[in-house]
Amino acid sequence: DAGVTQSPTHLIKTRGQQVTLRCSPKSGHDTVSWYQQALGQGPQFIFQYYEEEERQRGNFPDRFSGHQFPNYSSELNVNALLLGDSALYLCASSLVGTEYQETQYFGPGTRLLVL
Amino acid sequence: QKEVEQNSGPLSVPEGAIASLNCTYSDRVSQSFFWYRQYSGKSPELIMSIYSNGDKEDGRFTAQLNKASQYVSLLIRDSQPSDSATYLCAVNSQTGRRALTFGSGTRLQVQP
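Protein sequence lines, in the order shown, are assigned to chains H and L. When the letters of the first sequence are read in order and numbered with this note's numbering, they come out as residues 1 to 115. When the letters of the second sequence are read in order and numbered with this note's numbering, they come out as residues 1001 to 1112.
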């Protein structure tokens, strides 16, 4: 049973650049959520995709955008990178259900360093 | 007030003891609650979910939920050094929000 996969595992960028992170959900799952985790903090919700549409968005600027493909995989794009965007970016997949019973499973994450 | 609060720790317990991790949340309509374990440098791993008041047991882990007190806890029996990690409490409300709101985590150290 394939779990959630993410690529790349690590990434170094400079301020002002753009980055794309990728995620493939767990087999059988159709919903992908993205989180940002700064050092020493809990993950912060960025957005969630279902049926190729952004279903919900957290308190992140428009520099953060995403996409979901027909095979349920997803991309997170961040434009005009800031030093503060350095973090672990986590993808979580779930199977759509009653809204409060969607259990989310996390991938290994992409560690982004912005210099 | 933070939406989900946890004591950052570290919580230090001897091997074989019971570790008790606590979490409070502010959104009274929250319906689902999750505990994740995160080893240093790794991603969160789901331990348990709980939706109803009371206790839910899975192996050495017991989750306890009290919605009236807006309190959820995780007990780890017979703690092992391999349990040393950060434990994250996550909450999902029923009010159309599908996002998980996380606490900052409690760091647990199990001393051999």
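Note that beta-carbon positions come from the ideal geometry of N, C-alpha and C, so glycine has one too.
Within 10 angstroms of the Cβ of asparagine 59(H), are there 16 or more other Cβ atoms? Answer buried if so, exposed if not.
exposed
Who does serine 969(L) pair with in a DSSP beta bridge?
The structure shown does not extend to residue 969(L), since chain L is modelled only from 1001 through 1112, so no value can be given for it.
Using 9 Å as the threshold, is the C-beta distance between tyrosine 1025(L) and tyrosine 1071(L) below it?
yes
By DSSP's criteria, glutamate 52(H) is part of a beta bridge. Which residues make up the other side?
Answer is none; glutamate 52(H) lacks a bridge partner.
Find the nearest neighbour of serine 94(H) within the set Ser27(H), Val78(H), Gly109(H), judged by alpha-carbon distance.
Ser27(H)
Below 6 Å CB to CB, which residues in the same chain sit around proline 1014(L) once its five sequence neighbours on both sides are set aside?
Gln1111
Please list the terminal residues of the continuous beta strand (DSSP E) segment that includes proline 43(H).
Looking at the DSSP string, proline 43(H) is not in any beta strand (DSSP E), and its letter there is neither H nor E.
Can you check DSSP and say which residues form a bridge with alanine 1017(L)?
Paired residue(s): none; alanine 1017(L) is not in a bridge.
Please return the same chain residues whose Cβ sits closer than 6 Å to the Cβ of glycine 3(H), not counting the five positions on each side in sequence.
Lys26
Under 9 Å, do glutamine 56(H) and alanine 1099(L) count as touching if we go by C-beta distance?
yes
Under a CB-based cut-off of 9 Å, is valine 1072(L) close to chain H?
Closer than 9 Å: no.
Would you verify that the beta carbon of glycine 1103(L) is, or is not, closer than 9 Å to some beta carbon of chain H?
Chain H places a beta carbon closer than 9 Å to that of glycine 1103(L), counting this residue as a contact.
Quick one: what does DSSP say leucine 1108(L) is sitting in, helix, strand or coil?
Correct three-state label for leucine 1108(L): strand.
In three-state DSSP terms, what is serine 1082(L)?
Correct three-state label for serine 1082(L): helix.
From the DSSP output, read off the bridge partner residues of glycine 3(H).
Paired residue(s): none; glycine 3(H) is not in a bridge.
Would you kindly report the start and end of the unbroken beta strand (DSSP E) that includes valine 19(H)?
19-24
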